[in-house]
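*Asks:* Following this message is one structure expressed as structure tokens.
2 protein chains.
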Amino acid sequence: MDALWVSDPANVRSLSGFTSPADGKVLVTRQGATLYTDARYTVQAEQESPLPAFIARPPATYDHAAPGLEGLRVGFEAESLTVAGLEDLQAAWPGVTLVPLRGVVQELRAVKSPGEIRQIREAQALADRVFGEVRPLIRAGVTEQDVAYEIESRLLRAGAESAFGIIVASGPRGALPHGHASGRVIEDGDLVTVDMGARLGGYHSDMTRTVAVGTPGEEMRRIYRAVYEAEQAAVAAVKPGVRAADLDAVARDILTAHGLGEAFAHSLGHGVGLEVHERPGLRGTSEDVLEAGMLVTIEPGAYVPGLGGVRIEDLLLVTEDGHEVLSRSPIEEL
Amino acid sequence: MDALWVSDPANVRSLSGFTSPADGKVLVTRQGATLYTDARYTVQAEQESPLPAFIARPPATYDHAAPGLEGLRVGFEAESLTVAGLEDLQAAWPGVTLVPLRGVVQELRAVKSPGEIRQIREAQALADRVFGEVRPLIRAGVTEQDVAYEIESRLLRAGAESAFGIIVASGPRGALPHGHASGRVIEDGDLVTVDMGARLGGYHSDMTRTVAVGTPGEEMRRIYRAVYEAEQAAVAAVKPGVRAADLDAVARDILTAHGLGEAFAHSLGHGVGLEVHERPGLRGTSEDVLEAGMLVTIEPGAYVPGLGGVRIEDLLLVTEDGHEVLSRSPIEEL
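Going down the list, the sequences are from chains D and G.
So that you can map any letter, position 185 of the first sequence is 185 in the UniProt record's numbering, and since no number is skipped, the others follow by simple counting.
So that you can map any letter, position 147 of the second sequence is 147 in the UniProt record's numbering, and since no number is skipped, the others follow by simple counting.
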């Protein structure tokens, strides 16, 4: 490639420092890099980015870049640029060979800098504090939305925000792996899955705890213990050099042995950073290999329609000699 | 077209009822429509959508659809589907002619149903109530983030959420059209621009008020009055049959006459619905024409780097004989 056209918002931020979620692009050439955004962000671009900025809307943006790109091979982000976006670039840059690329900047982002690790550590510490405050409020008679409100308002009060729609899935709703908090009233005997994260300074944390209200039935406690066993085994296996697919298998084999292979309906985990879900992908089909400096979740679960579900998720930093579990909220024993 | 592959999340919701923000697709053929999502959403898809659902991840999703599409022309959403997504479809459907389309479902969504109008009306009523409660708290000594917290926590408490990152831009930060709430302490004499919306049942509201803390300087009051004049003139012109580009010109001509043409650095407004920004686009280059049942914002502004800025935004329903202003929060006289 002679140049790279960066359109993915998290990649734009990572390369430029510009934090606007949707309206920046970066062109990297052998001569340097330029930030493109529009007039709503003139001041913000100056304040946030060391890159020279060109303020315009497409197609003026493309016209500005065109002369320097004539005859070159320019890579673009196929996983971010829409087909319409590509058509517009092709029309504006007829003399340019546009080459689809996947995951170039994402791969650079998978290993975090010390500053990024500090930021995510801080986000997780806040999430742990908030979860500790809210745990006693999870009891029979309150709704899932009450619990989510207590979490989200505390995150806001601390100057953060929720990293994603908070999942509070109680009783039979636990069978929805991504069951956002509803109006359901939590009942005695429920398991309640709470999946939450803080977004602080643009970086995310991510953690799930499944907690008991009263004494759940024996089958749900059996499922809980199986998920816990799978989670702890996968956490213990995290270190540099391990294949993501092998980690996924560690947890999946344990759940399969408990008759819960089919009930583990998603992958083991994912990287966390400027996005809640980023490289590496911890799933059976992944070719990623763990490296020191990666931040990953380990989050096996089991979901049984009509009955309920369990997920336990920790956030880990891969270190030179193994890992550090950043999420410190206690995991209950059932 | 023989069929349409729908990948835009708001379009998927609009056609299927399925509310997951990112993981559904709809295939519309002459025989009917099918919802595709993965196993995290099995139960949710059943509960929310009347469409038959096929539960799988790509490429199994594409393989399921392939036999019925052989030899057909299938439209896809060029503004939503990424280049990588198209490459995957091409690989999975070698016998299919894939045709890029722009804005097909978006155009259907521009005119709202009575149920959608009711939902947006309710979202705006909540936003008005919250703004009324928070207006007295906007005073010298509080930070922009304090104001945003008061708004957002009230929205959450009401079972809604913020439609977008709340903009609270005070004093010189008013020059940032999209200046999200910062730690800046509001001072006596500041103008404070507050741009907020509620998201309720998936639908959005959107409104901006610029309020005075103490008595701002004469130049900022002059700018305020010019924006107010432009806003009211554009609002008055809203009715079925009016070209969006002409509406934009109404406001832009007034601001230009006040020497603020360059300072009006964005378009006049946009449609609001399942997305905060959707069709119609109210800007000079738009070819959209207003129709009864559209929901649009009218939001001229003026931004002067180093000095400050003003924006006033109302949310309007286009009615058979003109319009109804849904945003009821008082606009201050300065």
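Where a beta carbon is used, it is the ideal one built from N, C-alpha and C, also for glycine.
Small disclaimer: the values here were computed from a predicted structure and weren't measured.
Among G:LEU155, G:ALA230 and G:SER16, which one has its Cα closest to the Cα of HIS258 of chain G?
*Replies:* As a first step, residue 258 of chain G must be located in the second sequence, where it is residue number 258. Of the listed residues, the one whose Cα sits closest to HIS258 of chain G is G:ALA230.
*Asks:* Roughly how many angstroms separate the alpha carbons of TYR62 of chain G and LEU51 of chain G, rounded to a whole number?
*Replies:* As a first step, residue 62 of chain G is located in the second sequence; it is residue number 62 there, counting from the start. As a first step, residue 51 of chain G is located in the second sequence; it is residue number 51 there, counting from the start. Per the coordinates, the alpha-carbon of TYR62 of chain G lies some 17 Å from the alpha-carbon of LEU51 of chain G.
*Asks:* Is there at least one Cβ from chain G nearer than 8 Å to PRO100 of chain D's Cβ?
*Replies:* For the purposes of this step, residue 100 of chain D is identified with residue 100 of the first sequence, where counting begins at 1. Yes, because at least one Cβ of chain G sits closer than 8 Å to the Cβ of PRO100 of chain D.
*Asks:* Tell me GLU332 of chain G's beta-bridge partners as DSSP assigns them.
*Replies:* Translated into positions along the second sequence, residue 332 of chain G becomes position 332. For GLU332 of chain G, which the question treats as bridged, DSSP gives no partner whatsoever.
*Asks:* What's the gap between the Cα of VAL304 of chain G and the Cα of PRO172 of chain G?
*Replies:* On the second sequence, residue 304 of chain G is found 304 positions in, with the first residue counted as 1. On the second sequence, residue 172 of chain G is found 172 positions in, with the first residue counted as 1. For VAL304 of chain G and PRO172 of chain G, the distance between alpha carbons rounds to 8 Å.
*Asks:* Would VAL325 of chain G and VAL250 of chain G qualify as a contact pair, given that the criterion is a beta-carbon distance under 8 Å?
*Replies:* Sequence index remark: in the second sequence, residue 325 of chain G carries index 325 (1-based). Sequence index remark: in the second sequence, residue 250 of chain G carries index 250 (1-based). No, they are not a contact pair.
*Asks:* Indicate whether the contact test is met: 3 or more Cβ pairs, each with one atom in the region 110-127 of chain D and one in the region 270-284 of chain D, closer than 8 Å.
*Replies:* yes
*Asks:* Using 8 Å as the threshold, is the region 20-33 of chain D in touch with the region 88-98 of chain D, meaning 3 or more CB pairs across them?
*Replies:* no
*Asks:* For LEU255 of chain G, I'd like the list of residues in its chain whose CB is within less than 8 Å of its CB, leaving aside the five on either flank, ordered along the chain.
*Replies:* As a position in the second sequence, residue 255 of chain G is number 255, starting the count at 1. Contacts found: ALA226, VAL227, ALA230, GLY261, ALA263, PHE264, PRO300 and ALA302.
*Asks:* Quick one: Cα of LEU316 of chain G to Cα of ASP128 of chain G, how far?
*Replies:* For this step, residue 316 of chain G is matched to residue 316 along the second sequence. For this step, residue 128 of chain G is matched to residue 128 along the second sequence. Near 14 Å, if we compare the C-alpha coordinates of ASP128 of chain G and LEU316 of chain G.
*Asks:* At a cut-off of 7 Å, is ALA251 of chain D close to the ligand COA when judged by its beta-carbon and the heavy atoms of the ligand?
*Replies:* The model on display carries no ligand, and the ligand COA is accordingly not part of it.
*Asks:* So if I threshold CB-CB distances at 9 Å, which residues from the region 148-160 of chain G count as touching chain D?
*Replies:* Residues ALA148, TYR149, GLU152, SER153, LEU156, ARG157 and GLY159.
*Asks:* Which whole runs of the beta strand (DSSP E) in the UniProt domain "Creatinase N-terminal" (2-111) of chain D are 3 residues long or more, in chain order?
*Replies:* Counting only unbroken stretches of 3 or more residues, the beta strand (DSSP E) elements lying wholly within the UniProt domain "Creatinase N-terminal" (2-111) of chain D are 3-6, 25-29, 32-37, 53-55, 73-77 and 97-101, in sequence order.
*Asks:* For GLN44 of chain G, return the contacting residues in chain C, with the cut-off set at a CB-CB distance below 8 Å.
*Replies:* Looking for chain C here will not work: the only protein chains present are D and G.
*Asks:* My understanding is that LEU35 of chain D touches PHE18 of chain D, with C-beta atoms under 8 Å, so please give their C-beta distance in whole angstroms.
*Replies:* Numbered from 1 along the first sequence, position 35 holds the residue referred to as residue 35 of chain D. Numbered from 1 along the first sequence, position 18 holds the residue referred to as residue 18 of chain D. Sure, about 6 Å apart at Cβ, within 8 Å.
*Asks:* Kindly indicate which three-state DSSP category ARG243 of chain G falls into: helix, strand or coil?
*Replies:* Looking up residue 243 of chain G in the second sequence gives position 243. In the structure shown, ARG243 of chain G adopts extended strand secondary structure according to DSSP, grouped into three states.
*Asks:* Just list the beta strand (DSSP E) runs in the region 271-333 of chain G, keeping only unbroken ones of 3 residues or longer that don't cross its boundaries, in chain order.
*Replies:* 278-282, 295-298, 301-304, 308-311, 314-319 and 322-325
*Asks:* Do THR208 of chain G and THR193 of chain G have their beta-carbon atoms positioned less than 8 Å apart in this structure?
*Replies:* Here residue 193 of chain G is taken as the residue at index 193 of the second sequence, counted from 1. Here residue 208 of chain G is taken as the residue at index 208 of the second sequence, counted from 1. Yes; because the gap between Cβ atoms is below 8 Å, this pair is in contact.
*Asks:* Measure the C-alpha to C-alpha separation of GLU291 of chain D and PHE54 of chain D and round it to an integer number of angstroms.
*Replies:* Within the first sequence, numbered from 1, the residue matching residue 291 of chain D stands at position 291. Within the first sequence, numbered from 1, the residue matching residue 54 of chain D stands at position 54. So the two alpha carbons sit approximately 36 Å from each other.
*Asks:* Can you find a C-beta in chain G that's less than 8 Å from the C-beta of SER16 of chain D?
*Replies:* Taking the first residue of the first sequence as 1, we reach residue 16 of chain D at position 16. Not one chain G Cβ lies under 8 Å of SER16 of chain D.
*Asks:* Tell me where the alpha helix (DSSP H) around LEU126 of chain D begins and ends.
*Replies:* For this step, residue 126 of chain D is matched to residue 126 along the first sequence. Start and end: 114-134.
*Asks:* How would you call GLU219 of chain G, buried or exposed, if buried means at least 16 neighbouring beta carbons within 10 angstroms?
*Replies:* As a position in the second sequence, residue 219 of chain G is number 219, starting the count at 1. The residue is exposed, with fewer than 16 neighbouring Cβ atoms inside 10 Å.
*Asks:* Using a Cβ-Cβ distance cut-off of 8 Å, determine whether SER80 of chain D contacts chain G.
*Replies:* The residue given as residue 80 of chain D occupies position 80 in the first sequence. Yes, its Cβ sits closer than 8 Å to a Cβ of chain G.
*Asks:* Within its chain, find whatever has a CB closer than 8 Å to the CB of ALA78 of chain D; leave out the 5 residues flanking it on each side and keep chain order.
*Replies:* Here residue 78 of chain D corresponds to residue number 78 of the first sequence, with the count starting at 1. These residues qualify, in order along the chain: PRO100, LEU101 and ARG102.
*Asks:* Pull up the CB-CB distance for LEU98 of chain D and LEU86 of chain D, whole angstroms please, since I reckon it's below 8 Å.
*Replies:* Counting from 1 along the first sequence, the entry for residue 98 of chain D is found at position 98. Counting from 1 along the first sequence, the entry for residue 86 of chain D is found at position 86. With a Cβ gap of about 7 Å, LEU98 of chain D and LEU86 of chain D count as contacting.
*Asks:* Just to confirm, is the Cβ distance from ALA125 of chain G to HIS204 of chain G under 8 Å?
*Replies:* As a first step, residue 125 of chain G is located in the second sequence; it is residue number 125 there, counting from the start. As a first step, residue 204 of chain G is located in the second sequence; it is residue number 204 there, counting from the start. For ALA125 of chain G and HIS204 of chain G, no; Cβs fall outside 8 Å.
*Asks:* Any idea if THR285 of chain D is buried or exposed, counting beta-carbon neighbours within 10 angstroms, 16 or more meaning buried?
*Replies:* Working through the first sequence from its first residue, we reach residue 285 of chain D at position 285. Under this definition THR285 of chain D is an exposed residue.
*Asks:* Please check if any C-beta of chain D sits within less than 8 Å of the C-beta of PRO305 of chain G.
*Replies:* For the purposes of this step, residue 305 of chain G is taken as the residue at position 305 of the second sequence. Yes, contact with chain D.
*Asks:* Going by CA-CA distance only, name the one from G:ASP253, G:GLY273 and G:ARG243 that's closest to GLU287 of chain G.
*Replies:* Counting from one through the second sequence, the residue named residue 287 of chain G turns up at place 287. Here the closest residue by C-alpha is G:ARG243.
*Asks:* Check whether chain G comes within 8 Å of ALA10 of chain D, counting only Cβ atoms and requiring the distance to be less than that.
*Replies:* By one-based count along the first sequence, residue 10 of chain D stands at place 10. With 8 Å as the cut-off, ALA10 of chain D does not count as an interface residue toward chain G.
*Asks:* Looking at LEU176 of chain D and GLN44 of chain G, is the spacing between their C-beta atoms short of 8 Å?
*Replies:* If you number the second sequence from 1, residue 44 of chain G lands on position 44. If you number the first sequence from 1, residue 176 of chain D lands on position 176. Their beta carbons are under 8 Å apart, which means GLN44 of chain G touches LEU176 of chain D by this criterion.
*Asks:* So is HIS323 of chain G in contact with chain D if we call contact Cβ pairs under 8 Å?
*Replies:* What you label residue 323 of chain G is simply residue 323 of the second sequence in a count that begins at 1. By this cut-off, HIS323 of chain G is not an interface position.
*Asks:* Name the two residues that bound the continuous beta strand (DSSP E) containing LEU155 of chain G.
*Replies:* Residue mapping note: residue 155 of chain G aligns to position 155 of the second sequence, counting from 1. Element bounds for LEU155 of chain G: not the beta strand (DSSP E) but the alpha helix (DSSP H), 144-157.
*Asks:* Could you name the residues of chain D that VAL83 of chain G contacts, counting a contact when the two beta carbons are closer than 7 Å?
*Replies:* Counting from 1 along the second sequence, the entry for residue 83 of chain G is found at position 83. Those within 7 Å of VAL83 of chain G in chain D are ALA78, LEU81, VAL83, LEU86 and PRO100.
*Asks:* What number of angstroms, rounded off, separates the C-alpha of ARG30 of chain G from the C-alpha of ALA237 of chain G?
*Replies:* Here residue 30 of chain G refers to the residue found at position 30 of the second sequence. Here residue 237 of chain G refers to the residue found at position 237 of the second sequence. The straight-line gap from Cα to Cα measures roughly 41 Å.
*Asks:* Use the C-beta contact count for GLN47 of chain G: other C-beta atoms within 10 angstroms, 16 or more gives buried, fewer gives exposed.
*Replies:* Start at 1 with the first residue of the second sequence, and residue 47 of chain G comes out as number 47. Looking at its Cβ environment, which holds fewer than 16 other Cβ atoms inside 10 Å, GLN47 of chain G is exposed.
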